[in-house]
Structure formats: structure tokens, C-alpha cells
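In the working numbering, the protein residues as written are 132 to 319.
Take a look at the structure:
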């Protein structure tokens, strides 16, 4: 018979215990690998142009006007910070300027846990260098009116909250170096 030396004070480890430990190690390693792959895939998707394209598409559908975003950055946490750069919403065809809204940078924090319940909580919203072009047309059309973009009218009504509590909660709103232009051909 083969003699085994066991450390003093320890009980012999059975083959089934070693097998169980090996299975647990493989499961833990597989789970860790799955988490790393999922996190990497999420990072690649959110850091790619795919997300920017999705955001532009949904915003364009919502407003009925071409919306562009130059860049998106995230700083993940329970309260995630988001930075949008070079945001622009096109103006109506008859307007004097190509964009109704241009913002150099939008920074906001969003709390993720309330988002799971459908509540949008923005502790901080910062608009840097926004330029808003408000205009009345020759036939008294309004470039900010959703009737100018019928597709958006239905989207706005569908997304309109039932009560004020359904609107996003904004803690601090900061606007820096903003410009507002108003044009009305009837007023000189």
C-alpha cells in the first residue's frame, strides 16, 4: 500500500471533495469570463458609433427633424455622468438658419436605480453654449411648433406624461454662454 503524508491536524481529503472543488473552480472561472466578456461587449457597444446613431435616430423621430450628436461619453456609476458634444436639431425648411438648436456640450448626471422603475432623475443638467433660433415665418408659421413637423406631433402626444410627476426630475440646471435669437418679419 502507498502511504500518504497528510499535514498534521488535517483530515484526509476525499476524491469526491477534490472533484467538487475542481467543478466549483471551473464554474467560478466560467462565470468570471462571462462577466468580463459581457462588460467588454457593453463597453464596445456604448463607446461605438452605434449608440450615437441610435440616439440621433430616436431624437430625429421624436422631433421630426434631423438631429445630430458629435460625440457621447459616459462615466459609469450608480449616478452615471453623460456628456454629449456638438448637438444640433435642424430647422424647418422655410427658416433663415439651418439649425433651430445647437449646443456645444450637454452634461448631465442620471441616477440608474430610479430608471429601472421608469423614473428619470437628473441631479445635474448643464448646457454649454446653446444657441436657439426662434422664428416666425412669412405665413405666421412657428419654427418651434410641432405642427410644422406632423410626425413629431404624434410622438410628443404619445410621450407626454399623464401628470407632472411623470416628467424628468432635474436637480440643478445650468446654462452657460447661451444665445437666443428671435426673428419675426412683421416686427422690425
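Each residue gets a CB set at the ideal place from its N, CA and C atoms; glycine is no exception.
Suppose you measure from the CA of residue i to the CA of residue j; what does that come to, to the nearest Å?
i           : j           : result
residue 165 : residue 254 : 33 Å
residue 195 : residue 228 : 17 Å
residue 240 : residue 307 : 17 Å
residue 271 : residue 314 : 11 Å
residue 75  : residue 276 : Residue coverage of the chain in this structure runs from 132 to 319, which leaves residue 75 outside it and unanswerable.
residue 163 : residue 156 : 10 Å
residue 217 : residue 236 : 6 Å
residue 262 : residue 219 : 9 Å
residue 188 : residue 312 : 27 Å
Comparing C-alpha positions only, which one of the options sits nearest to residue i?
i           : options            : result
residue 316 : 308, 300, 273      : 273
residue 246 : 169, 299, 233      : 299
residue 209 : 225, 219, 244, 238 : 244
residue 201 : 211, 260, 234      : 234
residue 318 : 249, 269, 154      : 269
residue 265 : 259, 221, 250, 249 : 221
residue 184 : 173, 150, 203, 211 : 203
residue 252 : 189, 191, 212, 154 : 212
residue 321 : 305, 242, 159, 311 : Look at the range of the chain in this structure, 132 to 319, and you will see that residue 321 is not part of it.
residue 231 : 154, 191, 145      : 191
In terms of DSSP beta bridges, what is residue i paired with?
i           : result
residue 261 : 234
residue 312 : 264
What ranges does the beta strand (DSSP E) occupy inside the segment 178–250, keeping only unbroken runs of at least 3 residues that lie completely in it?
198–206, 210–221, 230–242
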